[in-house]
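Take a look at the structure set out below.
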Amino acid sequence: MLIHIGGAICALPYLRKSQNLTTFADLGLSANILKAIDEAGYKNPSPIQAEAIPLALAGHDIMGLAQTGTGKTAAFGLPLIENLMSDGFKAPPKNTKALILAPTRELVNQIAENLRQYVRKTHLKVNLVVGGVSINRQIQNLSKGSDILVATPGRLIDLIERRAIFLDEARFLVLDEADQMLDMGFIHALRKIAPLLGTPRQTMLFSATMPKLMSELAGAYLTDPKRVQVSTPGKAADKITQSLYYTAQANKTELLKEYLNKSPDGLSLVFSRTKHGAEKLKRTLESAGYDAVSIHGNKSQGQRERAIKAFKSGEARVLVATDVAARGIDIPDVSHVYNYDLPEVPENYVHRIGRTARAGKGGEAIAFVSATEIGYLKQIEKVMKMEIPVAGGIRPQEEKPAPRGGGGGRRGGGGGGQRRSQGGGGGKPHGGGKPHGGGNPAGKPAGKRKPRHRGRKPAA
Ligand code: AMP
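For the sequence shown, this note's numbering assigns the number 18 to the initial residue and increments by one for each residue that follows.
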């Protein structure tokens, strides 16, 4: 069964009562949950919640096609809590009654934070385990038992191997942002973890995109699932204004600064392909006087949390991030998403630009495209089923990206030695006017690019 709920990725516009007559009480949730979500300020269910909650309460497996920002955490979290409340069993020591797997530490934190809000009026205990922080405290917490455990697969496997957690009492499994878990090579981790859970089991799988591998995953882990969907896979929120700028890799930093200067009050999320590139770009921006922070795999959990906090509060106006670190972060006020480097996995473009235009607001997504990224652009436009409007630059001749580990060409993370050959020389990026001379005049390769591939070792 496919339930298609039209609508954008952003969360709030469809919560107006006139558009959506269902209430949380109509969905069959009990008083303690209703009280907690009322205190969280939720007035009406979002479309994915209205569709998924009754199906999940009825015990169906769910295949949900939805991004962060649609209210999907409550869509799987509320029925899960409802089911756990009524089963009458205490959280078993060194075991859990429900397991939620998510690809990144940030997403795990965010899910746990939301669930803790929802269980406030109940006796249920939500635990979380992620990599990058002390394992001993996690072992201690797990020993007392969990009703719901939210985990990244890497750290969970570590804890399973240390016999700090057993999963045989778990009757509920949620795989959140499952497409990203696949991209990150978590399929092997999943194959290890899933057989350890108890049966019969209710499984809910949520994904923002539907690559072919996802259907295989659904086939392997779901039984007769009900499908719910909030937007066509690959379709960006209608409120996002997309554009691209053709430029040499080495000129991207200058171009970014020009864009940032145009909207000093905005909150800009800048995506870099590599950890190294993200850090270098953040430093360059910082030394040029921008309030910039960064999150990537080389940052400690504490550093990542501080950076996100600074960005959320507006204290930092620019967040430079890699895909892995930025995944699932819910920041309602991001005004601009810059694809400083285009993602090699086209679906990630959809995720990235979905970080803006949330909570009913508009947003801009700007991609900087160099000669070696034309191939990625073609893939993205295929997935998006649209041509992204050109804001400036001249489409360069396509170049093949340098092979992994080879090349030695310079990456443009650190502040453009080459000048962009701009027609007017004014240095201002255009909003759709005459194309400018961008290209890659020196014809340099992009340098040491590490292509992401599905077999990568899972990060905790
Ligand atoms: P999620 O897609 O689960 O990450 O949720 C995105 C944001 O929407 C979070 O800040 C939630 O707290 C919020 N949210 C979820 N459901 C609702 C709702 N029904 N009404 C208002 N806000 C909501």
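The beta-carbon is built from N, C-alpha and C at its ideal position, and this holds for glycine as well.
Asked	Found
Secondary structure of Phe-93, DSSP reduced to three states	helix
Leu-239 at chain C interface by Cβ criterion, 9 Å	In the structure shown, chain C does not exist; there is a single protein chain.
CB of Gln-259 within 9 Å of CB of Ala-382, strictly	yes
Ala-374 to Ser-280 span [Cα, whole Å]	16 Å
Cβ neighbours of Pro-71 in the same chain (closer than 7 Å, five flanking residues each side left out)	Leu-44, Gly-45
Cβ-heavy atom distance, Ser-63 to the ligand AMP, below 8 Å	yes
At least 3 beta-carbon pairs within less than 8 Å: the stretch 139–147 vs the stretch 169–183	yes
Residue from Val-191, Ala-206, Thr-226, Gln-134 whose Cα sits closest to the Cα of Asp-175	Ala-206
DSSP bridge partner residues for Met-221 (one or two, in chain order)	Ile-79, Val-191
Best match in Asn-112, Ile-128, Thr-121, Phe-223 for proximity to Gly-215 [C-alpha to C-alpha]	Asn-112
Beta-carbon gap between Glu-416 and Ala-384 smaller than 9 Å	no
Secondary structure, alpha helix (DSSP H): runs of 4+ residues fully inside the stretch 89–167	89–102, 122–135, 152–160
Lys-399, enclosing alpha helix (DSSP H) - first and last residue	391–401
Rounded straight-line distance, which links the Cα of Ile-370 to that of Thr-40	30 Å
Those runs of the alpha helix (DSSP H) which lie wholly inside the stretch 337–385 and span at least 4 residues	340–343, 363–370
Reduced DSSP secondary structure (H/G/I, E/B, other) of Gly-251	With a pLDDT of 48 at Gly-251, under the threshold of 50, the modelled position of that residue is not reliable, and the figure given next carries that caveat. Reduced to three states, the DSSP call for Gly-251 is coil.
Per-residue DSSP class, three states only, for Ile-312	strand
Proximity winner among Leu-159, Leu-118, Leu-97, Asn-131, relative to Val-167 (alpha-carbon distances)	Leu-118
Among Leu-132, Thr-291, Phe-328, Glu-322, nearest to Asp-358 - alpha-carbon criterion	Thr-291
Check: Lys-292 C-beta below 8 Å from any heavy atom of the ligand AMP	no
Cβ-Cβ distance between Asp-193 and Ile-128 below 9 Å	yes
beta-carbon Ala-57 near the ligand AMP non-hydrogen atom, thresh 8 Å	yes
Helix, strand or coil at Ala-57 according to DSSP, with G and I counted as helix	coil
Simplified DSSP assignment, three categories, for Thr-270	helix
Contacts around Ala-235, its chain only, beta-carbon distance under 8 Å, and the 5 residues preceding and following it disregarded	Met-80, Leu-222, Pro-242
Simplified DSSP assignment, three categories, for Ile-204	helix
Pairwise C-alpha distance: Gly-294 and Ala-309	14 Å
C-beta atoms of Gln-246 and Leu-124 nearer than 9 Å	no
Whole-angstrom C-beta distance between Ala-92 and Gln-134, which should lie under 8 Å	About 15 Å; that fails the 8 Å criterion.
Whole-Å CB distance - Asp-164 paired with Leu-141, under 8 Å assumed	4 Å
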